[in-house]
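>
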Amino acid sequence: MNEDKIFLSLKNLNVGYDGHTLIHDICSDIHKGEIVTLIGPNGAGKSTILKSITRQLSIISGQVVLGNDDIITMPYRLLATRMSVVLTEHLKAELMTCYDLVATGRYPYTGRLGLLTDKDREIIEEALEQVHIKELADKDFNAISDGQKQRVLLARAICQEPEIIILDEPTSYLDVHHKLSLLSILRRMAKEKNITVVMSLHEIDLAQKISDKIICVKGDHLFAYGRPEDIFIKDSIRELYDIDNGSFDPLYGSIELPAPKGDPEVMILSTSGNGIPLYRLFQKAEIPFHAGILYENDLDHHLARDLAAGIISVKPFMPISENDLDQARNVMSTVKAVINAGMDIGSINAPMEELLKDAEDKGILMDIESYLKKRREQ
Amino acid sequence: MINERIKRNSRYVVVFIVMIVAFLAIVVLNINTGSVKIPVPEIFKIIMTKDGAAEWVNIIWKIRMPRILMAALLGGALSLSGFLLQTFFENPIAGPFVLGISSGAKMVVALTMIVALEHFTFVSSYTLIIAAFIGSLISTGFILLLSGKLRHMATLLVAGIMIGYICSAITDFVVTFAEDSDIVNLHGWSLGSFSGMSWSNVQVAAIVVAVSFALCVFMSKPISAFQMGENYARSMGVNVKAFRVALILLSSILSATVTAFAGPISFVGIAVPFLIKHSLNTAKPLLVIPGTFFGGAVFCMLCDLIARTAFAPTELNISTVTSVFGAPIVIFMMLRKKGGR
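If you're matching them up, the sequences are chains A and B in order.
Using this note's numbering, you'd call the opening residue of the first sequence number 1 and step up by one each time.
Using this note's numbering, you'd call the opening residue of the second sequence number 1001 and step up by one each time.
1) Quickly, what does DSSP pair CYS216 of chain A with across the bridge? List them, please.
2) So MET318 of chain A is in the alpha helix (DSSP H); what residue range does that whole segment cover?
3) Name the chain A residues whose beta carbon is nearer than 9 Å to that of GLY1237 of chain B?
4) Distance, Cα to Cα, PRO1092 of chain B vs GLN1086 of chain B?
5) Quick check on this structure: which residue in A:LEU183, A:MET96, A:ALA103 has the alpha carbon closest to the alpha carbon of ILE123 of chain A?
6) Quick one: list the residues of chain A neighbouring ARG1244 of chain B, beta-carbon separation under 9 Å, in chain order.
7) What does the Cβ neighbour count give for ARG1341 of chain B, buried or exposed, with the cut at 16 atoms within 10 Å?
8) With burial defined as no fewer than 16 other Cβ atoms inside 10 Å of the residue's Cβ, what is the status of THR334 of chain A: buried or exposed?
9) By the criterion of Cβ-Cβ separation under 8 Å, what are the contact partners of LYS1221 of chain B in chain A?
10) Once the 5 residues before and after SER9 of chain A are set aside, which same chain residues still bring their CB inside 6 Å of it?
11) Which runs of the alpha helix (DSSP H) at least 4 residues long sit entirely within the region 1271-1338 of chain B? Give them in chain order.
12) Look up ARG1341 of chain B in the DSSP assignment and say whether it is helix, strand or coil.
13) Counting only Cβ pairs nearer than 9 Å, list the residues of chain B close to ALA385 of chain A.
14) Please say whether ALA359 of chain A and SER270 of chain A have beta carbons closer to each other than 8 Å?
15) By the criterion of Cβ-Cβ separation under 8 Å, what are the contact partners of SER84 of chain A in chain B?
16) Near SER1147 of chain B, what residues of its chain come up, given a Cβ to Cβ distance below 6 Å and the 5 sequence neighbours on each side ignored?
17) Quickly, what does DSSP pair MET267 of chain A with across the bridge? List them, please.
18) Should ASP344 of chain A be labelled buried (16 or more other beta-carbon atoms within 10 Å of its own) or exposed?
19) Below 7 Å on C-beta distance, what does ALA93 of chain A contact in chain B?
20) Give me the Cα-Cα distance between PRO1039 of chain B and SER1279 of chain B, rounded to the nearest whole angstrom.
21) According to DSSP, what are the bridge partners of PRO168 of chain A?
22) Just list the residues that DSSP pairs PHE141 of chain A with in beta bridges.
23) Can you round the beta-carbon distance between VAL266 of chain A and TYR99 of chain A to whole angstroms, since I take them to be within the 8 Å contact cut?
24) Say whether chain A places a C-beta atom closer than 8 Å to the C-beta of ASN1009 of chain B.
25) Since VAL64 of chain A sits in a beta bridge, which residues does DSSP pair it with?
26) If you pair each beta-carbon of the region 1220-1230 of chain B with each one of the region 109-119 of chain A, do three or more pairs fall below 8 Å?
27) Between the region 175-190 of chain A and the region 1249-1259 of chain B, do three or more beta carbon pairs fall short of 8 Å?
28) Any beta carbon of chain A sitting closer than 8 Å to that of THR1293 of chain B?
29) Starting from the C-beta of ARG187 of chain A, find all residues in its chain whose C-beta is less than 8 Å away, skip the five residues before and the five after it, and write them out in chain order.
30) In its own chain, which residues sit with a C-beta less than 6 Å from the C-beta of LEU1137 of chain B, not counting the 5 before and 5 after it?
31) Grouping DSSP H, G and I as helix and E and B as strand, with all else coil, what is PHE248 of chain A?
32) I need the DSSP call for ARG376 of chain A, collapsed to helix, strand or coil.
33) Enumerate in chain order the residues of its own chain whose CB-to-CB distance from ASP138 of chain A is below 6 Å, with the five nearest sequence positions on each side excluded.
34) In chain B, which residues lie with their C-beta within 9 Å of the C-beta of LEU307 of chain A?
35) Along chain B, in chain order, which residues have C-beta atoms closer than 9 Å to that of MET96 of chain A?
36) Can you tell which of A:ILE60, A:GLY33, A:PHE7, A:GLU94 has the C-alpha that lies nearest to the C-alpha of VAL15 of chain A?
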């Protein structure tokens, strides 16, 4: 897009409460139509930064420049026509229908008495449609669910016809369905209307998938700032959240609990993702396992790196060597069972048949139920 | 959506028509009843032509008309002041009486009267309003000072009630040591009453209340934003600081006017806005402000009628009557809120 034109610029911003700086030297340049997400541990100051950008908190030093104007000197009224917000705080809406609430977005445009014109009503209805809440229009705002409320608030923000929308943790309290629908509305809005979105999210997996830029906040400074593909590297996320009890998978954006500790009890042979349900099962039961001969580009291999006590890996599309088989036989001699989770065996990995036969001969090849049953009996 | 709009609009129309009818009926009833009964046809004739039996003309024009107009004006002002305070404190049970604002006004008015009557024989209405306004601001100032520290709304109300007691204690103390002649006057007034209103009183009250009312209507837009909470109001372009100052000044001048003329009157400021919001089924200030004003007028005229006639010839304090009707409404509000959660 218009990469050269910076729309929102934070310049050496210091933010905090009551004159005490919490986070210093925040610098970042945000372009029009971008979705920028703040991530970071609880209490890192994501909300503090957002509150400073929206002028709910006075800035300690530095500048927030919107287009060509410094927001500090901009009249509130003018800022309201360019920036709208969805806050985390509970919104008071006494005896208000959702329609009334969405209509408050027209505030900066209505006259002295705040009466709505036909044009205002058109815009309100458009906004209701955009977030799919037309049927809620006449309902009392306090009587609808959290997911619906969040969408009403988004419609309200859209009604304000802003160039930029700021959302503070818009997905908290929402179930998966509502999270996804809210974020896809934001995505569409950003692309179709070229509206800039700056928000904070707790769900790093969603942040990775929806954002154009990520700002990581930790301690008293910005930990990192950049495109998701540069930010979501295993170690940087681990460091950002101080994860020592699990892992983050940057490829799928999923979070894994730590691998079971100890020597492997079983060996799992699988290909093509068939092993994954078993990995999770053993992980939950805290039974350490060894992952069988896996190609490095196999789905199973990807997860086994996080969850298995050990893996025998083979380079993609290479034949399985005698050496690999020996390693596998070694493992087999130490484990109590070998489980075949389902394998696609072709010409290139044909030696796997051999391995299965060896296990059968040793009497340790079993399916998962019989293994678990045997284990319970002991 | 459009059907709903029509439904709501007709509800507003019905509520306002009911209030206007009630207003007119109570005016007539009020003028009709009393120690001297005046037949209804005569009332219309005397009001329109100022012509009729001299005694009746006098009763209507000198006593009952100014009194009932005053009850209407001050009742409206009091309710409106309550609505503004509820908006300001984001609490439906805030009001000039519970927050001690009326008592503060009463205290300064009492002091002013005692000091002024020592030196002059007469205190002008404007002086009393200004005195009451200063008293209101003193109480409000204390409340604001405390509200910075007391985040919880219930404690804020307790603080308001305490400030009210302190102000009443000071007033009682001053009255006890004042000269006899002043006390008689002050005692009736300090319990709240619409009796003894003159046309000049009505004129002054009408000017102050009308101007304040107009300003409130012009503030209905920022009030509607503020109802959603301070931060949303700011994001919509409201200069929150200036707005807060304006809101406090307006509600103080309104309740000060009431206290200056009729003394402190309880519960009207809480009960009426609640009743109006729920009968209109909206909190939109553009509707609630005139609704509350009208509703307060009707409510106070009715209470004054009861105060005047229930145990005639003995007249009750207006607060006695407003409490009987208002307090149960407030209790109902609190119970309902708990159940709703």
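Glycine included, every Cβ here is placed at the ideal spot set by N, Cα and C.
Reading from the atomic positions:
1) On the first sequence, residue 216 of chain A is found 216 positions in, with the first residue counted as 1. Answer is A:ILE39, A:ALA224, bridged to CYS216 of chain A.
2) Within the first sequence, the letter at position 318 stands for residue 318 of chain A. Looking at the DSSP string, MET318 of chain A is not in any alpha helix (DSSP H), and its letter there is neither H nor E.
3) In the second sequence, counting from the first residue as 1, residue 1237 of chain B sits at position 237. Those within 9 Å of GLY1237 of chain B in chain A are PRO75, TYR76, ARG77, LEU78, LEU79, ALA80, THR81, TYR107, PRO108.
4) Here residue 1092 of chain B refers to the residue found at position 92 when the second sequence is read from its first residue. Here residue 1086 of chain B refers to the residue found at position 86 when the second sequence is read from its first residue. C-alpha separation (whole angstroms): 5 Å.
5) Position 123 of the first sequence, counting from 1, holds the residue named residue 123 of chain A. The shortest C-alpha separation from ILE123 of chain A is found at A:ALA103.
6) As a working mapping, residue 1244 of chain B is identified with position 244 in the second sequence. Ordered by position in chain A, no residue passes the 9 Å Cβ test against ARG1244 of chain B, which lies about 14 Å from the chain.
7) Reading the second sequence from its first residue, position 341 is the one you call residue 1341 of chain B. Bear in mind that the predicted position of ARG1341 of chain B carries a pLDDT of just 37, short of 50, making it unreliable; the figure below should be weighed with that in mind. Exposed.
8) Taking the first sequence and counting its residues from 1, the one referred to as residue 334 of chain A is at position 334. Exposed: under 16 other Cβ atoms inside 10 Å.
9) Along the second sequence, one-based indexing puts residue 1221 of chain B at 221. Result: TYR107, THR110, ARG112, LEU113, GLY114.
10) As a working mapping, residue 9 of chain A is identified with position 9 in the first sequence. Within the same chain, SER9 of chain A has close Cβ partners ASP29, VAL65.
11) 1285-1309
12) For this step, residue 1341 of chain B is matched to residue 341 along the second sequence. Its pLDDT being 37, under 50, ARG1341 of chain B is placed unreliably by the model, and the measurement read from it follows with that caveat. In this structure, ARG1341 of chain B counts as coil in the three-state DSSP scheme.
13) The shown model of chain A, from 1 to 378, leaves out residue 385 of chain A, and the question about it has no answer.
14) As a working note, residue 270 of chain A is residue 270 in the first sequence. As a working note, residue 359 of chain A is residue 359 in the first sequence. Their beta carbons are not under 8 Å apart, which means SER270 of chain A does not touch ALA359 of chain A by this criterion.
15) Here the question's residue 84 of chain A lines up with position 84 in the first sequence. Neighbours of SER84 of chain A on chain B, chain order: SER1235.
16) Numbered from 1 along the second sequence, position 147 holds the residue referred to as residue 1147 of chain B. The residues are LEU1156.
17) Indexing the first sequence from 1 puts residue 267 of chain A at position 267. Answer by DSSP bridge pairing, in chain order: A:HIS290, A:VAL338.
18) Within the first sequence, the letter at position 344 stands for residue 344 of chain A. That one is exposed.
19) The residue given as residue 93 of chain A occupies position 93 in the first sequence. Within 7 Å Cβ-Cβ: MET1228.
20) Residue numbering aside, residue 1039 of chain B sits at position 39 when the second sequence is read from its first letter. Residue numbering aside, residue 1279 of chain B sits at position 279 when the second sequence is read from its first letter. Taking the straight line from one Cα to the other gives about 33 Å.
21) Here residue 168 of chain A corresponds to residue number 168 of the first sequence, with the count starting at 1. As written in the sequence, residue 168 of chain A is Asp, which differs from the Pro given in the question. Looking at the DSSP assignment, ASP168 of chain A forms a beta bridge with A:SER200.
22) The sequence position of residue 141 of chain A within the first sequence is 141, counting from 1. Looking at the DSSP assignment, PHE141 of chain A forms no beta bridge with any residue, so it has no partner.
23) Walking along the first sequence from the start, residue 266 of chain A turns up at place 266. Walking along the first sequence from the start, residue 99 of chain A turns up at place 99. VAL266 of chain A to TYR99 of chain A, Cβ: 60 Å. No contact.
24) Sequence index remark: in the second sequence, residue 1009 of chain B carries index 9 (1-based). Output row for ASN1009 of chain B: interface = no.
25) Here the question's residue 64 of chain A lines up with position 64 in the first sequence. Partner(s): A:LEU10.
26) yes
27) no
28) In the second sequence, counting from the first residue as 1, residue 1293 of chain B sits at position 293. Reading the sequence as shown, one finds Phe at residue 1293 of chain B and not Thr. No, PHE1293 of chain B does not count as interfacial toward chain A.
29) In the first sequence, the residue the question calls residue 187 of chain A occupies position 187. Here the set comprises ILE35, ILE210.
30) Taking the second sequence and counting its residues from 1, the one referred to as residue 1137 of chain B is at position 137. If we look at LEU1137 of chain B and ignore the five residues flanking it on each side, its Cβ neighbours are SER1252.
31) As a position in the first sequence, residue 248 of chain A is number 248, starting the count at 1. Note: PHE248 of chain A maps to strand in three-state DSSP.
32) To locate residue 376 of chain A, count along the first sequence from 1; it is residue 376. Three-state result, ARG376 of chain A: helix.
33) The sequence position of residue 138 of chain A within the first sequence is 138, counting from 1. Only THR97 meet the Cβ criterion.
34) The residue you call residue 307 of chain A lines up with position 307 of the first sequence. Within 9 Å Cβ-Cβ: nothing; LEU307 of chain A doesn't reach chain B, min ~44 Å.
35) Along the first sequence, read from residue 1 onward, the residue named residue 96 of chain A stands at position 96. By Cβ distance, chain B contributes GLN1227, MET1228, THR1282, ALA1283, LYS1284.
36) The residue labelled residue 15 of chain A in the question sits at position 15 within the first sequence. The shortest C-alpha separation from VAL15 of chain A is found at A:ILE60.
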